[in-house]
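Number of protein chains: 2
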Amino acid sequence: MAKPKKPAPEASSRDREATEKRIIEAAARVMARDGAAALGINAIAAEAGADKKLIYRYFGGLDGLLEALGAETGVWIGELSPAAKGNYGQRMLAAFTAYADKLRGDAVLQKLLAWELAGPSPALARIEAARSKAMFGVMMKVRGEETPPPGADAPAINAIVLAALNYLVLRSASMGNFSGMPLKTEADWKRVTAALEGILAKVYEK
Amino acid sequence: MAKPKKPAPEASSRDREATEKRIIEAAARVMARDGAAALGINAIAAEAGADKKLIYRYFGGLDGLLEALGAETGVWIGELSPAAKGNYGQRMLAAFTAYADKLRGDAVLQKLLAWELAGPSPALARIEAARSKAMFGVMMKVRGEETPPPGADAPAINAIVLAALNYLVLRSASMGNFSGMPLKTEADWKRVTAALEGILAKVYEK
DNA sequence: TCCGTATGTCACCGTCTGGTGACAGACATA
DNA sequence: TATGTCTGTCACCAGACGGTGACATACGGA
Numbered sequence: 000m001a002k003p004k005k006p007a008p009e010a011s012s013r014d015r016e017a018t019e020k021r022i023i024e025a026a027a028r029v030m031a032r033d034g035a036a037a038l039g040i041n042a043i044a045a046e047a048g049a050d051k052k053l054i055y056r057y058f059g060g061l062d063g064l065l066e067a068l069g070a071e072t073g074v075w076i077g078e079l080s081p082a083a084k085g086n087y088g089q090r091m092l093a094a095f096t097a098y099a100d101k102l103r104g105d106a107v108l109q110k111l112l113a114w115e116l117a118g119p120s121p122a123l124a125r126i127e128a129a130r131s132k133a134m135f136g137v138m139m140k141v142r143g144e145e146t147p148p149p150g151a152d153a154p155a156i157n158a159i160v161l162a163a164l165n166y167l168v169l170r171s172a173s174m175g176n177f178s179g180m181p182l183k184t185e186a187d188w189k190r191v192t193a194a195l196e197g198i199l200a201k202v203y204e205k
Numbered sequence: 000m001a002k003p004k005k006p007a008p009e010a011s012s013r014d015r016e017a018t019e020k021r022i023i024e025a026a027a028r029v030m031a032r033d034g035a036a037a038l039g040i041n042a043i044a045a046e047a048g049a050d051k052k053l054i055y056r057y058f059g060g061l062d063g064l065l066e067a068l069g070a071e072t073g074v075w076i077g078e079l080s081p082a083a084k085g086n087y088g089q090r091m092l093a094a095f096t097a098y099a100d101k102l103r104g105d106a107v108l109q110k111l112l113a114w115e116l117a118g119p120s121p122a123l124a125r126i127e128a129a130r131s132k133a134m135f136g137v138m139m140k141v142r143g144e145e146t147p148p149p150g151a152d153a154p155a156i157n158a159i160v161l162a163a164l165n166y167l168v169l170r171s172a173s174m175g176n177f178s179g180m181p182l183k184t185e186a187d188w189k190r191v192t193a194a195l196e197g198i199l200a201k202v203y204e205k
């Protein structure tokens, strides 16, 4: 059922751990290639060359598999280590650009992000909460002893910037532009970063 | 097939225009209630109390229907008329907040927006292009004779702000928060607006 | 009056979906 | 050697999906 090949080439290695890994990777591949809408039991099983029954046995269904997938893809956020130099605004800019660069290269997380917007789901909410916490840790680390100028609502401002970056990266992947601004080449992103730098410099100047 | 009722209560009014309208409204209702993923021929036809065959006859399929739907929901953007007072930054802030307020109340456009991020589609791209053009017109109108200060990349800055607003509204509808910031009550949005006001005032001051 | 056309209705098709029960073979333990 | 457990395989189900051909009926023009 799983593969059209008859002698079961290598899939049936009778190794649960390896099979689980194969399934998770297959799910990531389907997610990145065809989007979250195509993320079905059958599609994943076919991609992994494994029987869908195993997905139920090992992960308890799609939700469990998704959770395992989301846990993996969210790890790198906590490992971001942008340069921590200059004042508060400059450090934040470094964190934001480092995050945006990474996100631009992670198709799976992009689809996950887009899917979260399309409809609420308990499993996705948990994944997102972990990601948000990791991002907070990164920002606290890079912030160091520097503090935002009094009077500025830093959490709100940072949320706005982060929201803009998420949206622009998603638009870049889906349509390649936004609001008349192209978002394809590296130069396009340089422009975004430059505008962001100007904003943060003025908002966070003391 | 369409309705379980036998005498065809009123649906079969033999009025193409009215039927088309009923179908479009049904599509909007399904979209707003169940999201874009549930937007299928069968679901729409059932919701409209019309036969799915008519969707193929009148709209040529799902894509055509979507286009008709998108054209309708994008109209209000062009009709936005925010207060055009003060300098460039203040006028832009008025346009942005007016847009965000409207968007928050339009569940259909929200789902459309989220769907565009999930995967590229020629039909959705055309709808989005029309919307973007309308938004540009609004901004040009409210801008009046005021100009942004030299040195500031106004298109990029405005795109960033618009991107942030889109993302925050979408997050508000799906998860109710972002980056630790709640996005539910009117007070939450007041906070966003206030932060935006601070940003625009400093970025666009001469 | 008759006839063509437009509108609406229904039955049916093949395909894919998520999900489950039954079974075969490998492996470790007793 | 015999037993039980774990991994993998396959067949099958009911239901939903998109899509189409055939038909009934109302309406408007000749």
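Here the protein sequences line up with chains S and G, keeping their order. Anchor point for the first sequence: position 129 equals 128 in numbering that gives the first Met the number 0, and the numbering is continuous, going up by one each time. Anchor point for the second sequence: position 42 equals 41 in numbering that gives the first Met the number 0, and the numbering is continuous, going up by one each time. For every residue, glycine included, the Cβ atom is placed at its ideal position computed from N, Cα and C. Please read these numbers as outputs of a predicted model, since none were measured by experiment.
| Query | Result |
| --- | --- |
| List, in order along the chain, the chain G residues whose C-beta lies closer than 8 angstroms to that of Met174/S? | Glu115, Pro119, Ala124 and Glu127 |
| Pull up the DSSP beta-bridge partners for Met180/G, would you. | Phe177/G |
| Name the chain G residues that come within less than 7 angstroms of Leu38/S, Cβ to Cβ? | In chain order: nothing, as chain G lies at least about 11 angstroms away. |
| How many angstroms separate the CA atom of Ile43/S from the CA atom of Ala122/G? | 28 angstroms |
| Quick check: the Cα distance between Lys2/S and Ala25/S, rounded to an integer number of angstroms? | Only weak support exists for where Lys2/S lies, its pLDDT of 41 falling under 50; the value from the coordinates is given anyway. If I take the Cα positions, the gap works out to 14 angstroms. |
| If you check the beta carbons only, do Pro154/S and Met180/G fall under 8 angstroms apart? | yes |
| Which of the three DSSP states is assigned to Lys2/G in this structure? | Because Lys2/G carries a pLDDT of 41, less than 50, the predicted location of this residue cannot be relied on, and the following value inherits that uncertainty. Coil, per DSSP. |
| Excluding sequence positions up to five away, which residues of its chain have a Cβ less than 7 angstroms from the Cβ of Ala67/G? | Ile23 and Phe58 |
| Indicate whether Met91/S and Leu167/S have their beta-carbon atoms separated by less than 8 angstroms. | no |
| Does the beta-carbon of Lys205/G have 16 or more other beta-carbons within 10 angstroms, so that it is buried, or is it exposed? | exposed |
| Please decide whether Tyr87/S counts as near chain G, where near means a Cβ-Cβ distance under 8 angstroms. | no |
| Along the chain, where does the alpha helix (DSSP H) that runs through Pro121/S open and close? | Pro121 to Arg142 |
| Does any C-beta atom of chain S lie closer than 8 angstroms to the C-beta of Leu169/G? | yes |
| Of all the options Thr184/S, Pro147/S, Ala27/S and Ala151/S, which has the alpha carbon lying nearest to the alpha carbon of Gly85/S? | Pro147/S |
| Can you tell me whether DSSP reads Asn41/S as helix, strand or coil? | helix |
| How about Ala117/G and Gly34/S: do their beta carbons lie closer than 8 angstroms? | yes |
| Just to make sure I have the definition right: I need the residues of chain G whose C-beta is within less than 8 angstroms of the C-beta of Ala97/S. Which are they? | Residues of chain G passing the Cβ test: none, with the nearest at roughly 16 angstroms. |
| In angstroms with no decimal places, state the Cα-to-Cα distance between Val191/G and Ala97/S. | 24 angstroms |
| How many Å lie between Lys189/G and Ala99/G at the Cα? | 11 angstroms |
| Mind checking Pro81/G: buried by the 16 CB within 10 Å criterion, or exposed? | buried |
| In the DSSP assignment, find the alpha helix (DSSP H) that holds Arg32/G and state where it starts and stops. | Arg15 to Asp33 |
| Please identify the residue among Leu112/G, Asp14/G and Ala158/G whose C-alpha is closest to the C-alpha of Ile126/G. | Leu112/G |
| Measuring straight from C-alpha to C-alpha, what distance separates Ala124/S and Glu115/S? | 8 angstroms |
| Residues of chain G with a CB under 7 angstroms from the CB of Lys201/S: which are they? | Lys201 and Val202 |
| With a threshold of 8 angstroms between beta carbons, is Gly34/S in contact with chain G? | yes |
| Just the chain G side, please: which residues come within less than 8 angstroms of Met180/S by C-beta, in chain order? | Pro154, Ala155 and Ala158 |
| Hey, is Leu161/G's beta-carbon within less than 8 angstroms of any beta-carbon in chain S? | yes |
| Please state whether DSSP places Lys189/S in a helix, a strand or coil. | helix |
| On the three-state DSSP scale, how would you describe Ala49/S? | coil |
| What does a CB cutoff of less than 7 angstroms around Asp187/G pick up in its chain, not counting 5 residues either side in sequence? | Pro181 |
| With distance defined between alpha-carbon atoms, name the residue in Met139/G, Gly60/G, Ser12/G and Thr72/G nearest to Phe95/G. | Met139/G |
| Could you confirm whether any beta carbon from chain G is found closer than 8 angstroms to the beta carbon of Ile198/S? | yes |
| For a quick check, are the C-beta atoms of Ile76/S and Arg130/S less than 8 angstroms apart? | yes |
| So with CB distances below 8 angstroms, who are the chain S contacts of Arg190/G? | Asp152 and Ala155 |
| Is the beta carbon of Gly73/G less than 8 angstroms from the beta carbon of Ala133/G? | yes |
| Short check: CB of Gly88/S to CB of Tyr203/S, under 8 angstroms? | yes |
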